[in-house]
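Just add 5 to the spot in the sequence shown (first one is 1) and you have the numbering used here. Glycine included, C-beta positions come from ideal geometry on N, C-alpha and C. Notes for the one structure printed next.
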Amino acid sequence: MTHPTGRPDAAAPATALRAPAPGWATEADVVVVGSGVAGLTVALRCAAAGAKVTVVTKARLDDGSTRWAQGGIAAALGEGDTPEQHLDDTLVAGAGLCDERAVRTLVTEGPDAVRRLIATGARFDADDGTGEILLTREGGHHRRRIAHAGGDATGAEISRALVEAVRTAGIDTVENALVLDLLKDGSGRAAGVTLHVMGEGQRDGVGAVRAGAVVLATGGMGQIFSATTNPAVSTGDGVALALRAGAEVSDLEFVQFHPTVLWLGPEAEGQQPLVSEAVRGEGGHLVDADGVRFMQGRHELAELAPRDIVAKGITRRMQERGAEHMYLDARHFGARMWERRFPTILAACRAHGIDPVTEPIPVAPAAHYASGGVRTDLRGRTTVPGLYACGEVACTGVHGANRLASNSLLEGLVFAERIAEDITAAEGPARPAATAEQPYTGAPGAPGEAPLLASEARYEIQHIMTHGAGVLRSAESLARAADRLEGVHDAAAAQLRRDGKTAEPGVETWEATNLHLVARVLVAAALRREETRGCHWREDRPARDDAAWRRHLLVTLRPDGALDVRSTDSEVFPPPTTPRTETESRP
Numbered sequence: 006m007t008h009p010t011g012r013p014d015a016a017a018p019a020t021a022l023r024a025p026a027p028g029w030a031t032e033a034d035v036v037v038v039g040s041g042v043a044g045l046t047v048a049l050r051c052a053a054a055g056a057k058v059t060v061v062t063k064a065r066l067d068d069g070s071t072r073w074a075q076g077g078i079a080a081a082l083g084e085g086d087t088p089e090q091h092l093d094d095t096l097v098a099g100a101g102l103c104d105e106r107a108v109r110t111l112v113t114e115g116p117d118a119v120r121r122l123i124a125t126g127a128r129f130d131a132d133d134g135t136g137e138i139l140l141t142r143e144g145g146h147h148r149r150r151i152a153h154a155g156g157d158a159t160g161a162e163i164s165r166a167l168v169e170a171v172r173t174a175g176i177d178t179v180e181n182a183l184v185l186d187l188l189k190d191g192s193g194r195a196a197g198v199t200l201h202v203m204g205e206g207q208r209d210g211v212g213a214v215r216a217g218a219v220v221l222a223t224g225g226m227g228q229i230f231s232a233t234t235n236p237a238v239s240t241g242d243g244v245a246l247a248l249r250a251g252a253e254v255s256d257l258e259f260v261q262f263h264p265t266v267l268w269l270g271p272e273a274e275g276q277q278p279l280v281s282e283a284v285r286g287e288g289g290h291l292v293d294a295d296g297v298r299f300m301q302g303r304h305e306l307a308e309l310a311p312r313d314i315v316a317k318g319i320t321r322r323m324q325e326r327g328a329e330h331m332y333l334d335a336r337h338f339g340a341r342m343w344e345r346r347f348p349t350i351l352a353a354c355r356a357h358g359i360d361p362v363t364e365p366i367p368v369a370p371a372a373h374y375a376s377g378g379v380r381t382d383l384r385g386r387t388t389v390p391g392l393y394a395c396g397e398v399a400c401t402g403v404h405g406a407n408r409l410a411s412n413s414l415l416e417g418l419v420f421a422e423r424i425a426e427d428i429t430a431a432e433g434p435a436r437p438a439a440t441a442e443q444p445y446t447g448a449p450g451a452p453g454e455a456p457l458l459a460s461e462a463r464y465e466i467q468h469i470m471t472h473g474a475g476v477l478r479s480a481e482s483l484a485r486a487a488d489r490l491e492g493v494h495d496a497a498a499a500q501l502r503r504d505g506k507t508a509e510p511g512v513e514t515w516e517a518t519n520l521h522l523v524a525r526v527l528v529a530a531a532l533r534r535e536e537t538r539g540c541h542w543r544e545d546r547p548a549r550d551d552a553a554w555r556r557h558l559l560v561t562l563r564p565d566g567a568l569d570v571r572s573t574d575s576e577v578f579p580p581p582t583t584p585r586t587e588t589e590s591r592p
């Protein structure tokens, strides 16, 4: 199958993680990397069409970001709601950078995609009398259009249904596997992946899955920050792999910080409990220590403004009051509503000594969702032939500068179905070439090899990013972050040149190296975008500048490790074959 958007002369990977040569190999028509709503939907649809599918996932099948989604999935399912209204809300939230073609695809195909998800086995909360799906509101939505399950356990229910369907279908799965790099054939087309499996019998250690189509559905990269709602596995592996393979990424500067994450103290790190936007959708109020509702007057929707506005409002109030957090007050719900509608949040709060029934919940923004990622077209095709991406790892143009609440599960669902349709078109997926090239895995010190970073670099990267590229950014903070990230790399490179040594290959060092790469791209893009837009907040450039910046930044990785950064001409993505023009030095 000829790839209609990629270039057949694509080069071998710009760089690759140092790793042992694969000790085992298997073949499939399609290899899907990731087991959230996007990955499992692709797998199920491709398998139903007769393709041989292998699903590779970093932990267990149900351990990705999907299971942590609380609020729900947005679609125009309610009486009086329309895809056009959903489109309007999405475009407003995206702050002028949504690709309208992608959004229209999402909102028009979304309702039927949700119905197919229900047919797969997902059970959403419904009215006991009528059986109609219950819908709620979240920030940025002017109508109730959020379908939820288990009150506030929507992601867990979707994950349960899809995992059960995958197992029933007998789809080949490889769990506890960290993907390393893309395999390519002699023409530069994707031909599979290398991966490291932890304790899978014959599939143990570094191996390879050769396939004619590779689908990245690896989720987000929240672990580049000290505090995040993302699970520990969200280390940007898919974006890093795509960059090393020569693919184009976009919009990484737009990291959404969820406004209401349970505040566990100034030293709290790692995954933090999320307090769903649906709590505000059902009438919860944001207040300061004096009980003042500070979002009133800041936006027509007050607490239900788009997330970037609420996160900024909370942060500004924290600055004004010299406070480390604000409060979410929903005591008026009463015990019965808390127990029925938000049992997961209630349990999480009580586990940390807070009872939302009797006291306000301390909250503060934390890294939540990457609106950018590996750039794709409307069929999920990247700029590397045979390589697809969907879900949070992808940048379809749907989210623009700020994701509308609960559009993420829908995006994963809709574009996963489109990818499966593209792969299983009449021609069928291309079989992996017998002479597929492996990415570079040479000896330490070989020309062009990037060093692996020691595992402890992860925490240094998180600290650098939290303080330099968090909710509040400036040219000064971002330049300082860029210098410090360069220092992390240079120290490891110097050791490699001096001693011929680099950190030993392993899950922790591969993850740290991936985090460093995606952090470099985020900082480079945030420095280049000299304005405030959506969830990119530049203190030194507080105004939105449509004339200069209503456009996307596209980034690729050169073989020498430098970043090529260029901008589009408008908010609409150009064809992926557009040549690169500008060069950004490391990092």
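Here the alpha carbon of Met203 sits roughly 6 Å from the alpha carbon of Asn181. Check the Cα spacing between Gly212 and each of Val219, Val198 and Gly270: the tightest is with Val198.
The residues Arg384, in chain order, have a CB closer than 6 Å to that of Asp427 in the same chain once the five nearest residues on each side in sequence are set aside. For the segment 23-75, the full-length beta strand (DSSP E) segments reaching 3 residues or more read 30-38 and 58-61 along the chain.
Residue state for Ala250 is assigned as coil, using DSSP reduced to three classes. Residue ranges of uninterrupted beta strand (DSSP E) with 3 or more members, entirely inside the segment 316-368 and ordered along the chain, are 331-334. Within the segment 528-580, the runs of beta strand (DSSP E) that reach at least 3 residues and sit entirely inside it are, in chain order, 558-562 and 568-572.
Beyond the five residues adjoining it in sequence on each side, Thr113 comes within less than 8 Å, by CB distance, of Pro88 in the same chain, given in chain order. Where Asp186 is concerned, the enclosing beta strand (DSSP E) starts and stops at Ala182 to Lys189.
In the DSSP assignment, Thr95 falls within the alpha helix (DSSP H) that extends over Pro88 to Ala98. Residue pairing of Gln301 in beta bridges, as defined by DSSP: His304. Listed as beta-bridge partners of Thr199 by DSSP are Ala213. Under DSSP, Asp132 forms no beta bridge with any residue.
Leu139 is positioned such that its CB atom lies closer than 8 Å to that of Ala131.
Straight-line measurement puts the Cα of Arg502 at about 30 Å from the Cα of Thr471.
Judged by DSSP secondary structure, Gln261 falls within the beta strand (DSSP E) whose first and last residues are Val260 to Leu267. Spanning the alpha carbons of Gly41 and Ile350 requires a straight line of approximately 21 Å.
In the displayed model, Pro370 falls within a strand according to three-state DSSP. Boundaries of the alpha helix (DSSP H) harbouring Ala480: Ala480 to Asp504, taken from the DSSP string. By alpha-carbon distance to Thr401, the top candidate from Glu422, Gly378 and Leu415 is Gly378.
The C-beta of Ser231 has 16 or more other C-beta atoms within 10 Å across all chains shown, which makes the residue buried. For Arg148, the closest alpha carbon among the candidates Val58, Asp94, Ser479 and Gly55 is that of Asp94. CA-to-CA, the gap between Ala459 and Thr514 works out to about 5 Å. For Arg345, the closest of Ala307, Gly101 and Asp157 by C-alpha to C-alpha distance is Asp157. Note that the C-beta distance between Asp313 and Asn412 is not below 8 Å. Judged by beta-carbon spacing, Arg150 lies within the 8 Å limit of Ala79, meaning their Cβ atoms are closer than that value. Within the same chain, Thr59, Val60, Val61, Thr62, Leu200, Val202, Glu205, Arg208 and Val214 come within 8 Å of Val179 by CB-CB distance, once the 5 residues on both sides are set aside. In this structure, Ser479 and Asp550 do not form a Cβ contact; the two beta carbons are roughly 16 Å apart against a cut-off of 8 Å. Arg380 carries a strand assignment under DSSP once its states are collapsed to helix, strand and coil. Burial check for Tyr464: the Cβ neighbour count within 10 Å stays below 16, so the residue is exposed. Check the Cα spacing between Pro580 and each of Ala567, Pro564, Val570 and Leu559: the tightest is with Leu559. For Leu111, the enclosing alpha helix (DSSP H) starts and ends at Glu105 to Thr125.
Put simply, of Gly136, Leu291 and Arg525 the residue whose alpha carbon is nearest the alpha carbon of Leu306 is Leu291. By the Cβ-count criterion, Glu137 is exposed, with fewer than 16 other Cβ atoms from all chains shown falling within 10 Å of its own Cβ. The segment 361-380 and the segment 261-274 touch, with three or more beta-carbon pairs separated by less than 8 Å. Judged by DSSP secondary structure, Val179 falls outside any alpha helix (DSSP H) and instead within the beta strand (DSSP E) spanning Asp177 to Val179.
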